[in-house]
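Order-wise, the sequence lines are chains W and C. Residue 1 is where the first sequence starts when you use our numbering, and the numbers rise one by one after that. Residue 1 is where the second sequence starts when you use our numbering, and the numbers rise one by one after that.
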Amino acid sequence: MHYLVLGAGPAGVTAAETLRKHDKSAKITLLGGEPEPPYSRMAIPYYLIEKVGEDGTYLRQTEGHYEQHGIDYVHGTAVALQGKAKRLKLEDGSELQYDKLLICTGASPISPPVPGLDRPGIHNCWTLEDARHIAELSQKGDPVVLMGAGFIGSIILEALALKGVNLTVVEMGDRMVPRMLDETAGNMLKDWCIDKGVRVLTSTQISEVTDGSEGLTVHTKGGEALDARLLVVAAGVQPNISFLASSGVEIDHGIIVDQYMRTSVPDVYAAGDVCQAIDFSTQKAEMLAIQPVAVEHGRIAAQNMAGKPTPHEGSLNMNVLEAMGLITASFGLWMGVEGGDSCRMHDPENNRYLRLEFDGNKLVGGQSVGLTEHVGMLRGLIQTELDLGEWKNKLMKSPERLPEAYVAVAQHNFNISA
Amino acid sequence: MQLALVLDPAKCTSCKQCEMACAYENEQTFNPAKSRIRIFDFHEDGRFVPYTCTQCDEAWCQQACPVNAITTDPATGVKLVHDNLCVGCKVCTIACPFGTVNYNAATGKVIKCDLCMGDPACAKACPTGAITYSDVEQAGFDKMRAWAAKTDSGAQAT
């Protein structure tokens with residue numbers, strides 16, 4: 001048996017390890033597209049501020065980890081899949097045969113249609129190689145423009161600000177992180193960042209990038225010209241699926257998988273950012289490009305590949321973000337559901353906010369600003385779908401009693417510590 | 001035999017000695033806010049519930065960590081955060097469905113109960129036996145773990 005795992009991000013690494021756990025004798029190949037040990041993109045901002053070195057971004061820290069697990073870690077880029085022949089063609093002309101294939105090629109940054117984005121001094125912040133360039137071009141006092149204040153943009157924002165650059169953030173949406181935070185939270189974050197010395201332009205689009213005195217001039221549609229030594233583009237990502245063009249693998253936004261993470265081609269599975277799998281909240285196939293979901297996908301796909309049927313019940317969308325010291329988190333259907341109740345605790349003076357969304361007596365979503373204690377309980381309550389009983393009304397009056405509600409309801413239902 | 005914290009709300013009087021002991025042991029301060037174990041007071045019912053990490057077998061925090069900073073201590077089963085590796089990304093704090101991994105802004109790292117590496121200060125400080133460090137089989141933790149399994153997106157095959 002030869003398992004081929006295409007992609008060495010969190011989904012791929014978890015899958016390779018899980019395959020080994022369930023199949024001691026199979027050949028396992030982990031094929032990575034970048035000339036680095038498997039690493040985590042989540043850690044890049046912390047590498048940028050030198051909180052960790054490059055090795056601190058590695059997904060596994062034990063020397064010889066892959067060898068010890070009998071995982072053959074190799075480099076290469078797939079250019080075509082021949083599903084009937086069970087063969088993967090690589091960029092260097094070589095071919096790899098497999099018995100079962102897992103596609104976890106992840107995603108890549110979108111390059112928005114803005115003239116001038118091919119100039120030097122313009123980088124995404126996606127790979128370790130990108131980070132090395134950014135580190136070089138973001139010295140203290142340097143003028144830097146960041147395009148996009150989505151989740152990735154906002155995480156890089158903190159790193160850039162901490163490096164002491166002169167930072168301007170340009171976001172198309174009317175607030176920061178519009179896909180993760182509501183108007184209140186997104187604007188709290190914006191005000192916070194402005195207060196900390198970052199220029200944040202929302203509802204603003206970049207029209208063109210030209211040469212400038214610092215290297216670049218970034219022009220906005222409103223007519224403003226921003227000088228920059230570095231422009232970081234964080235305008236979103238798209239799944240890496242181009243090599244599947246004539247493979248027969250069914251694709252919508254990402255690769256379509258069934259409950260067992262199988263694609264439409266026999267013995268080909270998919271996991272992580274590249275695939276469109278069940279969202280716990282909507283029970284529909286969605287793109288949930290986040291680290292914990294990639295890990296869940298990888299583990300479940302591998303169990304199914306190894307002959308341990310494990311249906312995927314759906315992953316919960318959740319995000320946590322720190323920008324300039326303000327921590328925000330969002331879970332599930334944070335925008336609420338039709339006919340559901342909603343409550344908010346908003347304490348702008350202390351930069352605290354908690355929004356809870358209910359469907360009947362169940363918590364279905366939430367988001368928080370400035371809270372760091374017991375945040376995971378939001379996940380616990382949403383995903384266990386516990387009936388909140390009398391606590392629903394208590395929470396409607398005082399959302400900040402969430403931890404109490406959690407412990408009380410969990411105790412009632414599961415008698416957890418008695 | 002692996003030991004675990006056995007928490008018995010029926011014996012808890014909310015004296016908060018455990019919180020003080022934990023904060024002192026781990027953060028060198030008598031500040032209950034820094035404790036990794038917490039007593040929830042349900043005054044209306046006259047009920048007090050000690051609450052902390054269960055050291056799950058297949059721990060969400062551990063699986064979600066992008067840089068392998070949470071490992072399992074083979075002797076105690078403790079899920080241990082390695083400060084030298086933790087980058088402070090907080091993914092574990094949202095992944096843990098019990099909410100027992102928290103971010104410490106002062107250090108830029110996450111903190112969770114590590115059973116004081118096999119000699120938990122909270123259990124020693126508890127005057128009523130509401131917190132004991134004893135045989136896992138006696139603990140009601142299998143129930144909590146079963147509950148946790150409900151948050152898993154695919155059954156945990158071990």
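Glycine included, C-beta positions come from ideal geometry on N, C-alpha and C.
Taking the beta carbon of residue i as the centre, do at least 16 other beta carbons fall within 10 Å, making it buried, or is it exposed?
i: ILE111(C); result: buried
i: SER242(W); result: exposed
i: ARG355(W); result: buried
i: SER138(W); result: buried
i: ALA289(W); result: buried
i: GLY307(W); result: exposed
i: GLN383(W); result: buried
i: ALA185(W); result: buried
i: ASP130(W); result: buried
i: GLY64(W); result: exposed
i: PRO74(C); result: exposed
i: ARG179(W); result: exposed
i: THR57(W); result: buried
i: LYS397(W); result: exposed
i: ILE194(W); result: exposed
i: GLU171(W); result: buried
i: ALA225(W); result: exposed
Please go through the same chain and pick out, in chain order, the residues whose beta-carbon is closer than 6 Å to the beta-carbon of residue i, but skip the five residues on each side of it.
i: TYR24(C); result: PHE30
i: GLY118(C); result: THR76
i: ALA125(C); result: GLN17, CYS18, ALA21
Helix, strand or coil for residue i, going by three-state DSSP, please let me know.
i: SER25(W); result: coil
i: THR328(W); result: strand
i: LYS112(C); result: coil
i: TYR406(W); result: helix
i: GLN55(C); result: coil
i: SER134(C); result: strand
i: SER242(W); result: helix
i: VAL104(C); result: Going by the sequence as given, residue 104(C) is Asn instead of Val. Of the three classes helix, strand and coil, the one that applies to ASN104(C) here is strand, per DSSP.
i: ASN68(C); result: coil
i: HIS69(W); result: coil
i: ALA23(C); result: helix
i: PRO50(C); result: strand
i: LEU226(W); result: strand
i: SER417(W); result: Reliability fails at SER417(W), whose pLDDT of 46 lies under 50, so the model's placement of it is uncertain and the value that follows must be treated cautiously. Looking at SER417(W) - three-state DSSP - the assignment turns out to be coil, as it is neither helix nor strand.
i: ALA78(W); result: strand
i: GLN303(W); result: helix
i: HIS374(W); result: coil
Take residue i and list the residues in its own chain whose beta-carbon comes closer than 8 Å to its own, dropping the five residues that flank it on each side.
i: GLY360(W); result: GLY340
i: SER315(W); result: ALA277, ILE278, ASP279, PHE280, LEU288, PRO292, VAL293, GLU296, HIS297
i: ASP211(W); result: ARG119, THR217
i: LEU30(W); result: VAL5, ALA8, GLY12, VAL13, ALA16, PRO38, TYR66, ILE71, ASP72, TYR73, VAL74
i: LYS140(W); result: LYS163, GLY164, VAL165
Would residue i pass as a contact of residue j if the rule is Cβ separation under 8 Å?
i: PRO45(W); j: ALA8(W); result: no
i: GLY99(C); j: VAL375(W); result: yes
i: SER35(C); j: CYS22(C); result: yes
i: PHE151(W); j: LEU19(W); result: no
i: GLY148(W); j: GLY215(W); result: no
i: ALA228(W); j: PRO143(W); result: yes
i: ILE300(W); j: ALA159(W); result: no
i: ARG175(W); j: LEU167(W); result: no
i: VAL249(W); j: VAL274(W); result: no
i: ARG379(W); j: PRO97(C); result: yes
i: LYS86(W); j: ASP347(W); result: no
i: SER108(W); j: VAL257(W); result: no
i: ASN84(C); j: THR93(C); result: no
i: GLY366(W); j: TRP391(W); result: no
List the residues that DSSP assigns as beta-bridge partners of residue i.
i: SER315(W); result: ASP279(W)
i: CYS489(W); result: Given that chain W is displayed from residue 1 to residue 418, the structure contains no residue 489(W) and the question cannot be resolved.
i: ASP191(W); result: Per DSSP, none; premise fails for ASP191(W).
i: ILE251(W); result: ILE255(W)
i: ILE103(W); result: LEU6(W), ALA270(W)
i: VAL233(W); result: ASN124(W), MET147(W)
i: THR168(W); result: VAL145(W), ARG199(W)
i: PRO109(W); result: VAL237(W)
i: GLU286(W); result: ALA277(W)
i: ARG38(C); result: TYR51(C)
i: ARG262(W); result: TYR269(W)
i: GLN97(W); result: ARG87(W)
Please work out which residues of its chain come closer than 7 Å, Cβ to Cβ, to residue i, disregarding the five sequence neighbours upstream and downstream, and give them in chain order.
i: THR127(W); result: GLU34
i: ILE156(W); result: PRO45, CYS125, LEU146, VAL232, ALA234
i: PRO311(W); result: GLN259, TYR260
i: HIS22(W); result: GLN303, ALA306, LYS308
i: CYS89(C); result: PRO66
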